[in-house]
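Visitor: Have a look at this one before I ask anything.
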Amino acid sequence: MKNIVLFGPPGAGKGTQAELLKGKYNLVHISTGDVFRFNIKNETELGILAKTFMDKGDLVPDEVTINMLEAEVDKNTNARGFIFDGFPRTQSQAEALDGFLSTKGEKINGMVALEVPEDLLVQRLLERGKTSGRADDTDEVKIRNRFNEYNTKTAVLKDYYAAKGNYFGVNGVGSIQEITERLAKVFDTL
Ligand code: AMP
Numbered sequence: 012m013k014n015i016v017l018f019g020p021p022g023a024g025k026g027t028q029a030e031l032l033k034g035k036y037n038l039v040h041i042s043t044g045d046v047f048r049f050n051i052k053n054e055t056e057l058g059i060l061a062k063t064f065m066d067k068g069d070l071v072p073d074e075v076t077i078n079m080l081e082a083e084v085d086k087n088t089n090a091r092g093f094i095f096d097g098f099p100r101t102q103s104q105a106e107a108l109d110g111f112l113s114t115k116g117e118k119i120n121g122m123v124a125l126e127v128p129e130d131l132l133v134q135r136l137l138e139r140g141k142t143s144g145r146a147d148d149t150d151e152v153k154i155r156n157r158f159n160e161y162n163t164k165t166a167v168l169k170d171y172y173a174a175k176g177n178y179f180g181v182n183g184v185g186s187i188q189e190i191t192e193r194l195a196k197v198f199d200t201l
């Protein structure tokens, strides 16, 4: 299997690129943000809980997120591999993911990170907020809090994967197509 963590701060383009790359590599795309939003829309117990965190731009607690992610993976028994988008976002999530995959004889082949400067990210998110219907994209205070969560809890994962020789940074500035091509060059090696 090819299991890839597509990494980067909010607005880096993870969701867009995962949708473009999943077909090329025959991988299942799991976006934890999308799964939470689906649950919010359907007013499930998980959705009601997640909403209280997401509305503020806070991370949903690890245990809830990890259980949900494992259930999503288990729904795809015949997958040739996964693109994880928005997961892991904390060291505990990364450790849980490694443990979970190893029980299946699997591993993360690489973390591929989209690197984009923060001022460009804020512009992209505010632009997306005009059409995405996402409350967390329209309010600059919430956006700033999401970056704060990213910088304090998520960014450390670069070191976690780099220590295993598994971190691959990609320039995330450019046209969608240019960035897909850069990512594909790395995916090909994993
Ligand atoms: P995203 O769609 O990836 O930007 O995620 C939107 C929001 O969903 C985040 O700001 C968090 O509140 C929540 N979320 C998504 N993935 C995770 C995760 N792995 N851990 C905790 N919260 C998450």
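Note that our numbering has the sequence shown beginning at 12, numbered continuously upward.
Every residue gets a Cβ at the ideal spot worked out from N, C-alpha and C, and that includes glycine.
Hey, how far is the Cα of residue 120 from the Cα of residue 175?
Guide: By one-based count along the sequence shown, residue 120 stands at place 109. By one-based count along the sequence shown, residue 175 stands at place 164. Whole-angstrom Cα-Cα distance: 10 Å.
Visitor: How is residue 26 classed by DSSP in three states: helix, strand or coil?
Guide: For this step, residue 26 is matched to residue 15 along the sequence shown. It is helical.
Visitor: Runs of 3 residues minimum, wholly inside the region 66-114: which ones carry the beta strand (DSSP E) assignment?
Guide: Counting whole runs of 3 or more residues, the region 66-114 contains the beta strand (DSSP E) stretches 92-96.
Visitor: Out of curiosity, what's the CA-to-CA distance linking residue 50 and residue 59?
Guide: Position 39 of the sequence shown, counting from 1, holds the residue named residue 50. Position 48 of the sequence shown, counting from 1, holds the residue named residue 59. Between residue 50 and residue 59, the C-alpha separation is close to 8 Å.
Visitor: Name the DSSP beta bridge partners of residue 15, please?
Guide: If you number the sequence shown from 1, residue 15 lands on position 4. The partner list for residue 15 (beta bridge, DSSP) reads 94, 121.
Visitor: If I'm right that residue 17 touches residue 25 with Cβ under 8 Å, what's the distance once you round it to whole angstroms?
Guide: Taking the first residue of the sequence shown as 1, we reach residue 17 at position 6. Taking the first residue of the sequence shown as 1, we reach residue 25 at position 14. Indeed they touch by this definition, with Cβ atoms about 5 Å apart.
Visitor: Can you name the residues that DSSP bridges to residue 182?
Guide: Locating residue 182 in the sequence shown gives position 171, where the first residue counts as 1. DSSP lists 126 as partners of residue 182.
Visitor: Short check: CB of residue 98 to CB of residue 43, under 8 Å?
Guide: Position 87 of the sequence shown holds residue 98. Position 32 of the sequence shown holds residue 43. Cβ atoms of residue 98 and residue 43: closer than 8 Å.
Visitor: When the Cα of residue 145 is compared with those of 126, 132, 48, 38, which residue comes out closest?
Guide: Stepping through the sequence shown from its first residue, residue 145 is reached at position 134. Nearest of 126, 132, 48, 38 to residue 145, Cα basis: 48.
Visitor: Applying the criterion that 16 or more other CB atoms from any shown protein chain within 10 Å of the CB defines a buried residue, is residue 66 buried or exposed?
Guide: One-based indexing of the sequence shown puts residue 66 at position 55. Result: exposed.
Visitor: What does the alpha-carbon distance come out to for the pair residue 14 and residue 94?
Guide: Translated into positions along the sequence shown, residue 14 becomes position 3. Translated into positions along the sequence shown, residue 94 becomes position 83. Whole-angstrom Cα-Cα distance: 6 Å.
Visitor: Rounded to the nearest angstrom, how far is the Cβ of residue 194 from that of residue 28, given a contact under 8 Å?
Guide: Residue mapping note: residue 194 aligns to position 183 of the sequence shown, counting from 1. Residue mapping note: residue 28 aligns to position 17 of the sequence shown, counting from 1. Yes, residue 194 and residue 28 are in contact; Cβ-Cβ is about 6 Å, under 8 Å.
Visitor: Is the beta carbon of residue 49 within less than 7 Å of some heavy atom of the ligand GTP?
Guide: The ligand content of the structure shown is limited to the ligand AMP, which means the ligand GTP is not among them.
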